[in-house]
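Numbering (the working numbering), first residue to last: 1440 to 1695.
From the three backbone atoms N, C-alpha and C, an ideal C-beta is built for every residue, glycine too.
Here the structure is a predicted model, which is why all the values come from computation and not from measurement.
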Amino acid sequence: MSATTTRRVPIIGVTAAWADTSRASSLSRSGDILYGESGYLKHIENAGGAPLLLSFLRDDSAIQSAVRTLAGLLLTGGEDVHPRRYGQELLYESCIISELRDEFEFRFVPEFLRTGKPVLAICRGLQLVNVVLGGTLIQDLPAQTGIVHHAQQAPFNRAVHSVQLREDSRLARSLKSTIVSVNSTHHQAAERVGESLREVGRSEEGVIEALEHESHPYLVAVQWHPERFGVEQNSHHLLFEDFVRACSEMEASASG
1440 MSATTTRRVP
1450 IIGVTAAWAD
1460 TSRASSLSRS
1470 GDILYGESGY
1480 LKHIENAGGA
1490 PLLLSFLRDD
1500 SAIQSAVRTL
1510 AGLLLTGGED
1520 VHPRRYGQEL
1530 LYESCIISEL
1540 RDEFEFRFVP
1550 EFLRTGKPVL
1560 AICRGLQLVN
1570 VVLGGTLIQD
1580 LPAQTGIVHH
1590 AQQAPFNRAV
1600 HSVQLREDSR
1610 LARSLKSTIV
1620 SVNSTHHQAA
1630 ERVGESLREV
1640 GRSEEGVIEA
1650 LEHESHPYLV
1660 AVQWHPERFG
1670 VEQNSHHLLF
1680 EDFVRACSEM
1690 EASASG
């Protein structure tokens, strides 16, 4: 009998979103819940990875263990980063904040970035990485800029505007185009770009839609939601394939 060889699958951490009882009373009787949208998980698995939803870890040892174990990190969309994290007052009632999520992610993400392992950041994820690295955010696009179409209504798997990507960006290479049609469900955006980040994509109105790190082996951040598109719809699945491939290659290199 021949031995069966098992392909090594990279374990990729996926940050959870938060919902309070008033938003999720039909799902939980115990108060707050953490959840992950299935699109993130399906795209990671379809690309060859094993998604692992992360709880809001508080213990330092648990955080360090997770950082060591994971081959990559997907920072998902969801609640707004509290403005105090970038030195501002909370100005708008449109902001939905999870202090618990902020507390975890502002501890976990810097630790993970130091490893050099791949990070893909989506929507809130882009804003989070920008703030972690010293950047600031526009708290409410309609109120501060007059731009309103960036908060589209359902269905969310349709494109509503385009993004121009820099030709020399990893995003343009992975998506095989410098112009990408995207959905849009955000009311905030990056304002001052964080240290060592460079903007690699903007919308027609000039809103920052994509960031990459200048020296990190793989840190790609997008403001739209590629996980809400199906594989058959467009090229957004190529972003997840590039990310998971980077996780696999780096893990294989580290293991010798």
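For the pair Ala-1458 and Leu-1480, the CB atoms are not nearer than the 9 angstroms cut-off. Each of Val-1659, Val-1506, Leu-1552, Arg-1631 was checked against the Cα of Gly-1526, and the nearest Cα belongs to Arg-1631. Gln-1603 has its alpha-carbon roughly 6 angstroms from the corresponding atom of Ser-1642. Going by DSSP, Gln-1603 is part of the beta strand (DSSP E) stretching over 1600–1604. Listed in chain order, the non-local C-beta contacts of Thr-1454 below 6 angstroms within the same chain comprise Leu-1493, Leu-1514, Thr-1515, local neighbours out to five positions each way being set aside. By the criterion of at least three beta-carbon pairs nearer than 8 angstroms, the region 1601–1616 is not in contact with the region 1551–1565. Within the same chain, Leu-1580, Glu-1644 come within 6 angstroms of Ile-1586 by CB-CB distance, once the 5 residues on both sides are set aside. Taking a C-beta distance under 9 angstroms as the contact criterion, Ala-1505 and Phe-1545 do not qualify as a contact pair. Per DSSP, the continuous alpha helix (DSSP H) segment holding Ala-1685 begins and ends at 1676–1693. Residues Pro-1557, Tyr-1657 of the same chain have their beta carbon placed closer than 6 angstroms to that of Ala-1685, with the five preceding and five following residues left out of the count.
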